[in-house]
Amino acid sequence: MRSVLPILAVLAAIVALWYAATVWLNSQWTYDQAARAGVEVSFGEVVVDTLNQDRPVLPAPHQVAEGLWDGLAGQKVTSKRSLVYHGWVTLSATLVGFAIGTGLGILLAVGIVHNRAMDMSVMPWAIASQTIPILAIAPMVIVVFASVGLTGLIPKAIISAYLSFFPVVVGMAKGLRSPDAMQLDLLKTYNAGGWDTLWKLRLPASMPYLFASLKVSVAASLVGAIVGELPAGATSGLGARLLSGSYYGQTIQIWAALFAAAILAAGLVMIIGGIERGTLRRMGMAR
Amino acid sequence: MSWLWGAILFWLGAWALNARLAGSRFAGRRVVRFFVPALFGVTLLVLWEGIVRGLGVPGVILPPPSAIWETITGAVPVLWGDFVQTIVKGALSGYVIGCGAAFLTAVAIDRSPFLQRGLLPVGNFVAALPIVGIAPILVMWFGFDWQSKAAVVVVMVFFPVLVNTVAGLAATERMQRDLMATYSASYWQTLFKLRLPAAMPFVFNGLKIATTLALIGAIVAEFFGSPIRGMGFRISTEVGRLALDMVWAEIAVAALAGSAFYGLVAAAEKAVTFWHPSQRGRK
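One line per chain: the protein sequences are A and B, in this order. Using the numbering used here, you'd call the opening residue of the first sequence number 1 and step up by one each time. Using the numbering used here, you'd call the opening residue of the second sequence number 1001 and step up by one each time.
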């Protein structure tokens, strides 16, 4: 708990900097308006005006909070202006993709650990693929699937699955290999087969590694779903909200969508962290 | 149909060869360790080509690798222009500024435990956020050219590098710092002679994560507006024209650039942290 005060201090400093930047960046517009109207403005009036513009260069924190609150609670959940609606569209694609990617990743990792040929062929590519900006394929996946008649949730989920796949493969392969020779030898003396070794030793031992990579991959699949909504044609989802905001200069809308995405990401990571703590405690691995 | 069967036969043959090689006593040799994944990669390409040609998949859905290769060799000037615009101007300049700023910030807050305790959780939190969403805002502020892309990259790489550097600066042991104290070393001497070198493995870990983020940031930022060159611009416009061979060519260039960038940083890491156990063990 002794880190609460420093965190609050840092957050307060960020908010203060933000307000200062708001005044600085938006003052140009205020001065221009005043010059056009032919009136002098005092510094106090400038500050008040910069914090309350309709289309500011940088919205003030309270404007973003207002926009966020309006989007989350001020609209009907089914309304096109509700951030809950857009967030749900993005979240559903994220979760479907995350489930597919994680499932396939664990299966591939099991294959890699049990088959030496697969390990030698696939593993270098799985590691190399992490250095590639795979997010660049997102628009192509969307358009190609649209051209065969698939739109909506599935193409976004595929991008999410692809992004969450490789961290899980690499982390799980490491985790399934984490039992040391002594433990493997013990199972051998029990005359355990490969299947028993997998279920009773390798899978339990891999849990800390699995959760570490799940946290990375859930954040990656949310980014994948958001970027998957960027290509023209998407009308719902946080990514579409970002894009339409940037087209029409609605800065408050962009920032509100951005914060909604941030809250979603933080929530997902925290849920996984909670499951991790619970699981590891039940397994007696909590540190 | 013969294309399809040929590809499947090639796959089975290559798999049998790989399985034999992996099980043989040469499996530890360097040549084999390189050859097996290379053969697997070639097999994937052959399978791709065979399936696309054998089943007559139209080029607007999935072009065969040979068509992509033809596009790459035929459009070198375009690809080179996009590469310079996106990777060299956008990603590299942003990477240098962002990593440099993060490193200096980490050294600056290093003297204050209060700031560290406050900034680390916040930095860790921000590192998990979908920062790429900030792209439309920065494109609005800095215009369509490469400056806005560099700004996105700066924001994206800043926090991973900051968090890793701060963790690295804390990585020395009490005993080592006490030794420096008995030498009557000043704060700066301890920093340069002991703590920065000891922090390098962590710093490079952050730098390696940042390479991929830099490319993603530069490419995705171009989806929000860019001049008429750049990899993200090319990908989004050629997708609109259904010229998928060009899109795949850009993706191949991006993959190559990403791996080369990562390889460069990894090589620098090897040169700087040659003393670290993880580097010494490798031959």
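Glycine is no exception: its CB is placed at the ideal position from the N, C-alpha and C atoms.
Establish whether the CB of Val1220(B) and some CB of chain A are separated by less than 8 Å.
-> yes
Exposed or buried, Lys1149(B), counting other C-beta atoms within 10 Å across all chains shown (16 or more means buried)?
-> buried
Residue from Val47(A), Ile132(A), Ala34(A) and Asn26(A) with nearest C-alpha to Gly1263(B) | Ile132(A)
Where Glu1238(B) falls: helix, strand or coil (DSSP) | It is helical.
Where does Met182(A) fall in DSSP's three states?
-> helix
Listed in chain order, which residues of the region 137-166 of chain A have Cβ atoms closer than 7 Å to some Cβ of chain B?
-> Ile137, Pro139, Met140, Val143, Val144, Ser147 and Val148
Report all residues from its chain with a CB closer than 6 Å to the CB of Ala1198(B); omit the five preceding and five following residues, and keep chain order.
-> Ala1171 and Thr1172
Is the region 198-215 of chain A touching the region 1102-1111 of chain B in the sense that three or more CB pairs, one from each, lie closer than 8 Å?
-> No, because fewer than three Cβ pairs between the region 1102-1111 of chain B and the region 198-215 of chain A fall closer than 8 Å, the two stretches do not touch.
Distance, Cα to Cα, Lys1283(B) vs Leu238(A)?
-> Here the model assigns Lys1283(B) a pLDDT of 44, short of 50, so the residue's position is not dependable and the matter cannot be decided.
Quick one, are the C-beta atoms of Ile252(A) and Gln63(A) less than 8 Å apart?
-> For Ile252(A) and Gln63(A), yes; Cβs fall inside 8 Å.
What is the DSSP secondary structure of Ser244(A), counted as helix, strand or coil?
-> When secondary structure is reduced to three states using DSSP, Ser244(A) falls in the helix class.
Show which residues of chain B have a CB atom less than 7 Å away from the CB atom of Pro133(A).
-> Thr1212, Leu1215, Ile1216, Ile1219, Ala1254 and Gly1258
Hey, is Pro6(A)'s beta-carbon within less than 8 Å of any beta-carbon in chain B?
-> Output row for Pro6(A): interface = yes.
DSSP state of Gln1116(B) mapped onto helix, strand, coil | helix
Check Asp1245(B) in the structure and name its three-state DSSP category.
-> helix
Does at least one heavy atom of the ligand HEM sit under 7 Å from the Cβ of Ala128(A)?
-> As for the ligand HEM, it is missing from this structure, which has no ligand bound.
Taking Gly71(A) as the reference, give the member of Ala261(A), Thr30(A), Val227(A) and Glu276(A) with the closest Cα.
-> Ala261(A)
Which word fits Arg1241(B), buried or exposed, when buried means at least 16 other C-beta atoms lie within 10 angstroms of its C-beta?
-> exposed
According to the Cβ coordinates, are Ala1135(B) and Val1154(B) closer than 8 Å?
-> Taking 8 Å as the Cβ cut-off, Ala1135(B) and Val1154(B) do not qualify as a contacting pair.
For Leu104(A), decide whether its Cβ has a neighbour in chain B, counting only Cβ atoms nearer than 8 Å.
-> no
Tell me, to the nearest whole angstrom, how far the beta carbon of Ile134(A) is from that of Tyr162(A); I am working on the premise that it is less than 8 Å.
-> 6 Å
With a CB to CB cut of under 6 Å and the five nearest residues on each side skipped, what residues in its chain are close to Gly1225(B)?
-> Excluding residues within five positions, the ones whose Cβ falls inside 6 Å are Val1139 and Phe1144.
Apart from the five residues just before and just after Ala34(A), which ones in its own chain have a Cβ nearer than 6 Å to its Cβ?
-> Val41
Hey, would you say Arg116(A) sits closer than 8 Å to Gly1023(B), going by beta carbons?
-> It is a contact, given that the beta carbons lie within the stated cut-off.
Among Gly1006(B), Gln1085(B), Val1076(B) and Gly1041(B), the one whose alpha carbon lies nearest that of Gly1054(B) | Gly1006(B)
Per-residue DSSP class, three states only, for Lys1283(B) = Its pLDDT being 44, under 50, Lys1283(B) is placed unreliably by the model, and nothing is read from it.
Determine the contact status of Leu1207(B) and Ala1257(B), defining contact as a CB-CB distance below 8 Å.
-> no
Please compile the residues from chain B whose C-beta is within a distance smaller than 7 Å of the C-beta of Gln130(A).
-> Thr1212
Along the alpha helix (DSSP H) that carries Ala146(A), what are the first and last residues, could you check?
-> First-last of the alpha helix (DSSP H) with Ala146(A): Ala138 to Ser147.
Mind listing which residues of the region 244-261 of chain A have their C-beta closer than 8 Å to chain B's C-betas, in chain order?
-> Gly245, Ser246, Gly249, Thr251, Ile254, Trp255, Ala257, Leu258 and Ala261
Identify which residue in Phe1026(B), Met1156(B) and Asn1205(B) has its Cα closest to the Cα of Gly1094(B).
-> Met1156(B)
Pair within 8 Å by beta-carbon distance, Leu1244(B) and Gly1059(B) | yes
By a C-beta neighbour count over all protein chains shown, 10 Å radius and 16 as the cutoff for buried, is Gly1013(B) buried or exposed?
-> Counting Cβ neighbours within 10 Å, Gly1013(B) comes out exposed, since fewer than 16 surround it.
Any Cβ of chain A within less than 8 Å of the Cβ of Lys1283(B)?
-> For Lys1283(B), the predicted model reports a pLDDT of 44, less than 50, meaning its position is unreliable and no value from the coordinates is stated.
Among Ile254(A), Arg202(A) and Ser221(A), nearest to Ala112(A) - alpha-carbon criterion | With the sequence shown as reference, residue 112(A) is identified as Ile, and Ala is not the correct amino acid for it. With distances taken between Cα atoms, Ile112(A) lies closest to Arg202(A).
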